[in-house]
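Comments concern the structure below.
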Amino acid sequence: MRLNHWQRRTVGDCLRRCMCIGLCIALAFALVACKRTTPAPAEASPVAAEPTPTPQATPLAEQGFAIVVDQLPAVVCATQEDAQWVLDSLLAAHAIEGAQTSFKQQVAIAPAPGPFVSKEDALHLLQTGGTRAYLVQEDDTVATITQSFSISEDALQTINGDVAIQPGATIQVELPASLVTVVTVQAVTEEQAISFQTQKVNDSSLTKGKTSVKQKGVKGLKRRTVTVTYEDGQEVGRTPTDWQVVREPVKQIVLVGTKATPTPKPTSKPVTDTSAPSFRWPVTSRRITSVFGEGRGSSRKHAGIDIGDAKGNPVVAAAAGKVTRVRNDPDGYGLYLDIDHGNGWTTRYAHNSKILVSVGQTVTQGQKIALVGSTGASSGPHLHFEIQKNGVAKNPLSYLP
Ligand SMILES: [Zn+2]
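Numbering (our numbering), first residue to last: 111 to 511.
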């Protein structure tokens, strides 16, 4: 301590010391005592200082551990452990799981003389600021103190009142509020869906105007890390990394029909009249022995269809209606009947072996009305079946299911 002191003396002081040594070798111990007095200009005369050693020797300050913030020994704890506890507590106050915490300022622990404060008080002082005791060092001046603690000379004097700011004196210094700032850096993962594209592909096998999904689209996924920075718990910055694609989207492929809609071919079949009742087959047989419109001799055309079937098999009403005619025409239809289905629609059943209904009778669809035969102009057992609309013969095959 003393040696340091010597080394830190100014040139003028050293010269003065040397003179003292030169002049008063015998009073070396007194000289040491002289050195301990303040370097005040009034004390310039070495002679005056030599005879009386300063009565109050500066008490040797106990060594403690200061928390130094940006070169400023902010608080002094008794032990290094206490100082470390204070720093750990400051960081813990803003700890987030998985995040890193550090101080924004340059913070260190360094040996320093007291007076000490308890670790709890030290923590409070660093967080909120306030005054603390400071032992004026032997090389301290008002200027060095005001500079170290960023305090004006007036303020320093105000806080300390009548206390003389001189080495060995314990004075009060003011610490600014929240001397340290805790920086917390957290990495947050963000995810976002990537929408898929839809590709349209022409397909000549698909009718124009129609579409079909050939491949279903699947959304992709991208991810990035955002570094979030907090200062004393307040967010101050966000820095995202570039997006990384975790899963590529799968594009949707849609087939678009290009095949021209076939124009209905003109057909010999008459266009089905939608007003027609829903007819059913009048016999169970589907054996067509003569179609509609076939030539019959010179002028007549076949007004219905012939369905070959065994004699005696049932003939049923093709649709519900009312029996309007039951006749025997030995030279033509043989035993036949007509049913009126309404809206101008009628059916005829001819060449029967027997008729089971009578004129005026209401029949339901599928009701047995006659038995297959070969009466009239017929070469074998069959049913001659006609469908007419307003007396005009229609092709029954256009209306049967
Ligand atoms: Zn016929």
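Virtual Cβ for every residue (Gly too), placed ideally from N, Cα, C.
Note that the structure is predicted; figures quoted are calculated from it, not measured.
Fill in: Any beta strand (DSSP E) of 3 or more consecutive residues that is wholly inside the segment 243 to 302
280 to 285
Fill in: Coarse secondary structure for His492, derived from DSSP in three states
Here residue 492 refers to the residue found at position 382 of the sequence shown. Of the three classes helix, strand and coil, the one that applies to His492 here is strand, per DSSP.
Worksheet entry | According to DSSP, residues forming a beta bridge with Asn438 | Reading the sequence shown from its first residue, position 328 is the one you call residue 438. The partner list for Asn438 (beta bridge, DSSP) reads Leu445.
Item to complete: Examine the Cβ distances between the segment 305 to 313 and the segment 256 to 265 and report whether three or more of them are shorter than 8 Å.
Response: no
Worksheet entry | Between the CA atoms of Glu345 and Thr189 - distance to the nearest angstrom | The count along the sequence shown starts at 1 and reaches residue 189 at position 79. The count along the sequence shown starts at 1 and reaches residue 345 at position 235. Distance between the alpha carbons of Thr189 and Glu345 is about 34 Å.
Fill in: Spatially closest choice to Tyr509 from Pro392, Tyr446, Val366, Arg410, by CA coordinates
Working through the sequence shown from its first residue, we reach residue 509 at position 399. Nearest C-alpha to Tyr509: Pro392.
Discussion item. Suppose you measure from the CA of Arg396 to the CA of Ser315; what does that come to, to the nearest Å?
Written reply: Within the sequence shown, residue 396 is the residue found at index 286, counting from 1. Within the sequence shown, residue 315 is the residue found at index 205, counting from 1. Cα-Cα distance, rounded: 35 Å.
Practice prompt. Could you tell me whether any non-hydrogen atom of ligand 1 is closer than 7 Å to the CB of Asp448?
Written response: On the sequence shown, residue 448 is found 338 positions in, with the first residue counted as 1. For ligand 1, not one heavy atom lies less than 7 Å from the Cβ of Asp448.
Practice prompt. Using the DSSP secondary-structure output, state which residues sit across from Trp455 in a beta bridge.
Written response: Position 345 of the sequence shown, counting from 1, holds the residue named residue 455. According to DSSP, Trp455 bridges with Gly452, Lys499.
Worksheet item: Who are the Cβ neighbours of Val338 in its own chain at under 7 Å, not counting the five residues just before and after it?
Response: Mapped onto the sequence shown, residue 338 falls at position 228. Taken in chain order, the residues that qualify are Gln296, Val298, Glu345, Arg348.
Discussion item. Taking its Cβ as the centre, do 16 or more other Cβ atoms sit within 10 Å of Thr321, making it buried, or is it exposed?
Written reply: Walking along the sequence shown from the start, residue 321 turns up at place 211. The residue in question, Thr321, is exposed, as its Cβ has fewer than 16 Cβ neighbours within 10 Å.
Item to complete: Following the continuous alpha helix (DSSP H) through Asp192, name the residue where it begins and the one where it ends.
Response: The residue given as residue 192 occupies position 82 in the sequence shown. Here the alpha helix (DSSP H) through Asp192 covers 190 to 202.
Discussion item. Using the Cβ count rule (16 or more neighbours within 10 Å means buried), how would you classify Arg410?
Written reply: Position 300 of the sequence shown, counted from the first residue, corresponds to residue 410. When all chains shown are included, Arg410 counts as exposed.
Worksheet item: Does the distance from the C-beta atom of Thr472 to that of Ile497 stay below 8 Å?
Response: Here residue 472 refers to the residue found at position 362 when the sequence shown is read from its first residue. Here residue 497 refers to the residue found at position 387 when the sequence shown is read from its first residue. In this structure, Ile497 does not lie closer than 8 Å to Thr472 by Cβ.
Worksheet entry | Enclosing alpha helix (DSSP H) for Ala222 [first to last residue] | Here the question's residue 222 lines up with position 112 in the sequence shown. Per DSSP, Ala222 belongs to no alpha helix (DSSP H); it is in the beta strand (DSSP E), 217 to 223.
Worksheet item: Who are the Cβ neighbours of Ser262 in its own chain at under 7 Å, not counting the five residues just before and after it?
Response: As a first step, residue 262 is located in the sequence shown; it is residue number 152 there, counting from the start. So the list reads Thr256, once near-sequence residues are dropped.
Discussion item. Quick check on DSSP: helix, strand or coil for His412?
Written reply: On the sequence shown, residue 412 is found 302 positions in, with the first residue counted as 1. Residue state, collapsed to three classes: coil.
Fill in: Identified DSSP bridge partners for Ala460
Indexing the sequence shown from 1 puts residue 460 at position 350. Bridge partners of Ala460: His494.
Worksheet item: Roughly how far, in whole angstroms, is the beta-carbon of Ser468 from the beta-carbon of Val425, given that I think they are within contact range, below 8 Å?
Response: What you label residue 468 is simply residue 358 of the sequence shown in a count that begins at 1. What you label residue 425 is simply residue 315 of the sequence shown in a count that begins at 1. Contact flag wrong, Cβ pair sits at about 15 Å.
Worksheet item: Taking just the CA atoms, how far does Ile281 sit from Glu248?
Response: Counted from its first residue, the sequence shown places residue 248 at position 138. Counted from its first residue, the sequence shown places residue 281 at position 171. Using only the alpha carbons, I get a separation of about 13 Å.
Practice prompt. Report the residue from Gly224, Gly367, Lys332 whose alpha carbon sits nearest the alpha carbon of Gly174.
Written response: For the purposes of this step, residue 174 is taken as the residue at position 64 of the sequence shown. The option with the nearest alpha carbon to Gly174 is Gly224.
Fill in: Buried versus exposed, by CB contacts within 10 Å (16 or more), Ile415
What you label residue 415 is simply residue 305 of the sequence shown in a count that begins at 1. Result: buried.
Item to complete: Please confirm whether Ile275 and Val246 have their CB atoms less than 8 Å apart.
Response: In the sequence shown, the residue the question calls residue 275 occupies position 165. In the sequence shown, the residue the question calls residue 246 occupies position 136. Going by C-beta atoms, Ile275 is nearer than 8 Å to Val246.
Practice prompt. Return the CA-CA distance between Val328 and Arg357, expressed in angstroms with no decimal places.
Written response: Residue numbering aside, residue 328 sits at position 218 when the sequence shown is read from its first letter. Residue numbering aside, residue 357 sits at position 247 when the sequence shown is read from its first letter. Rounded to the nearest angstrom, the two C-alpha atoms are 10 Å apart.
Worksheet item: Going by other Cβ atoms of all chains shown within 10 Å of its Cβ, with 16 needed for buried, is Gly343 buried or exposed?
Response: For the purposes of this step, residue 343 is identified with residue 233 of the sequence shown, where counting begins at 1. Its Cβ having fewer than 16 others within 10 Å, Gly343 is exposed.
Item to complete: With a threshold of 7 Å, establish whether the CB of Gly414 neighbours any heavy atom of ligand 1.
Response: Within the sequence shown, the letter at position 304 stands for residue 414. At least one heavy atom of ligand 1 is nearer than 7 Å to the Cβ of Gly414, so yes.
Worksheet item: Where does Thr337 fall in DSSP's three states?
Response: As a first step, residue 337 is located in the sequence shown; it is residue number 227 there, counting from the start. Strand.
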